[in-house]
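Residue numbers (the working numbering): 412 to 528.
Now the structure itself:
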């Protein structure tokens, strides 16, 4: 999968609150499909669909150990999201720093023109 496709798949998977809740649960450790489904008032097939989306995005892996079918968080794609967001954080931080400098300059000019302030 190309990097942009992987990032798109990750964002699409993260767009749903149920899938984000599943990832939050898996961040605590592996869990079965039944354990992941417990907090939700949705059908087993619906949970399975959510898990497939997460799996296609590379966010989880599903194993098979006898009768136990554990799901595990795979956080690699989340690192790509964090890196992407970081680029924009730096961009906005620089913009806000420039705005702050401009406002200070305006205040200094204002004080020079109105010494009573």
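Note that beta-carbon positions come from the ideal geometry of N, C-alpha and C, so glycine has one too. The model shown is predicted, which means the values in this text are computed figures rather than measured ones.
For the pair residue 488 and residue 468, the CB atoms are nearer than the 8 Å cut-off. Between residue 461 and residue 483, the C-beta spacing is not below 8 Å. Residue 490 is not a Cβ neighbour of residue 480, given a cutoff of 8 Å. In the DSSP assignment, residue 484 falls within the unbroken beta strand (DSSP E) covering 481 to 484.
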